[in-house]
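What follows is one structure encoded as structure tokens, with my remarks underneath.
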Amino acid sequence: MGPSIQRWLAAQLHARADALQFETLPGATSSVMLRVSTGGSEPRSAILRMFTNRDWLAREPDLAHHEAQALRAASANGLPVPELIGVRDEPHGVPCVLMSELDGAVSLQRNPREGWLVRLAETLAQIHGAQAPLFGWNYKTWTRREQLVVPHWTTRTELWMRAMDRFRGGAPDSARVFVHRDFHPTNVLWRDGEVSGIVDWVNACLGPAGIDVAHCRLNLVAMYGIDAAQTFLEAYRRVRVGYVHDAYWDIEVLLGALPEPTYYAPWQEFGLMPIEPGTLQTRLEELLGDACFRV
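Just so we're aligned, residue 30 is where the sequence shown starts under the numbering used here, counting upward by one.
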């Protein structure tokens, strides 16, 4: 970390630069996450996110501004999100977002209880109920056309070809809501059995609720199997009355996992045991079969 960032942090936290202490946080995969502490007689801590991935910044140079605006929008709607303290987005520097530290911790279960899945669904429904009509970022797919190749490990070629045909047919018309865009269990904090915070807002946008539902379902299927994903969807439908989950969204995120579904390293950091590649493949293909059946 350069001295200019330390001076900026000191100004934001009203502390001396040489008194700041730093601790690397687990779970980050695309940026550096640090807990910054001021020390002294009245210590204060905050979370610093540093966007250091050059490829990502080349595609989206406004990452820090994007997350800052998302935090403002989410906070204005009463969502349990970090308070924005400051944003640093100078040319030729490292973009940074400084935010408050929330109470709570990621809680991954070896065998997910229904109540845990229901709370996840209720939290996502709360996000989708937020009002942010002027938010400046819009949904775009993360699934690339070059990913549309039947995986080498499958014995169900026709199933994947059918899914790819549906994806090429385009997304269904959907109402635009405020979506997190990367909602999954390691971006949710818990305290005393209840959700205490939602983090990682850099991908937030206006878009279809289905993409958030499907993205979380993809994670739940990979982590626990299809029953967890179905319980989550049923709970979401109970809160968002009238919601119809189009199979397209499950197909889009599943194709985005090609060519090979992988074990997400932060799962182990938060206590979930490694999952064999064959198990991941079977689980994702079961969800794909369910989605294609609904097409």
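Glycine included, every Cβ here is placed at the ideal spot set by N, Cα and C. Note that the structure is a prediction, hence the values are computed from the model and not measured.
In this chain, the beta strand (DSSP E) harbouring R117 covers L113 to R117. Cβ neighbours of L309 within its own chain (closer than 8 Å, five residues either side excluded): A251, P290, T291 and Y292. Residue pairing for E187: DSSP places it in no beta bridge. Taking Y253 as the centre and dropping the five residues before and after it, the same chain places the C-beta of P141 closer than 7 Å to its C-beta, in chain order. By DSSP's assignment, M62 forms a beta bridge with R78. Between the stretch 178-186 and the stretch 211-223, the count of Cβ pairs shorter than 8 Å is below three; the stretches do not touch. Contact fails between the stretch 136-155 and the stretch 163-174, because fewer than three Cβ pairs, one in each stretch, are under 8 Å apart.
In summary, P72 is exposed, with fewer than 16 beta-carbon neighbours lying within 10 Å of its beta-carbon over all protein chains present.
If you keep only unbroken beta strand (DSSP E) runs of at least 3 residues inside the stretch 224-300, you get 234-237.
Sequence-distant Cβ neighbours of L249 in its own chain, meaning closer than 6 Å and more than five residues away, are A257, A258 and F261. In this structure, the alpha-carbon of S66 lies about 17 Å from that of P55. Looking at the DSSP output, W219 sits in a beta bridge with A134 and V224.
Y265 is the residue among R269, H95 and Y265 whose C-alpha sits nearest the C-alpha of L149. Annotation for A97: L113, V116 and V126 place their beta carbon closer than 8 Å to its own, counting only its chain and skipping 5 residues before and after. Between L247 and V282, the gap from beta carbon to beta carbon is short of 7 Å. Residue state for Q155 is assigned as helix, using DSSP reduced to three classes.
DSSP, read as helix, strand or coil, puts T308 in helix.
The three-state secondary structure of M193, taken from DSSP, is helix. DSSP, read as helix, strand or coil, puts E71 in coil. Short of 7 Å from the beta carbon of V61, and not among the five residues preceding or following it, lie these beta carbons of its own chain, in chain order: M79 and T81. Per the C-alpha coordinates, the member of E298, R312, W230 and A320 positioned closest to V135 is E298.
Per the DSSP secondary-structure output, Q50 pairs in a beta bridge with S66. Taking a cut-off of 8 Å on C-beta distances, the stretch 36-50 does not touch the stretch 85-102, as fewer than three cross pairs fall below it.
Restricting attention to H209, L284 and T311, the CA atom closest to the CA of G236 is found in H209. The three-state reading of DSSP puts L146 in helix, counting H, G and I together.
Inter-residue distance for V324 and D275 is about 8 Å (C-alpha atoms, whole angstroms).
A distance of 7 Å or more separates the beta carbons of A243 and A99. The three-state reading of DSSP puts R205 in strand, counting E and B together. One thing to note: L137 has its Cβ no nearer than 7 Å to the Cβ of L313. DSSP places L108 outside both helix and strand once states are collapsed to three, so it counts as coil. Remark: C-beta atoms of S225 and G133 approach each other more closely than 7 Å.
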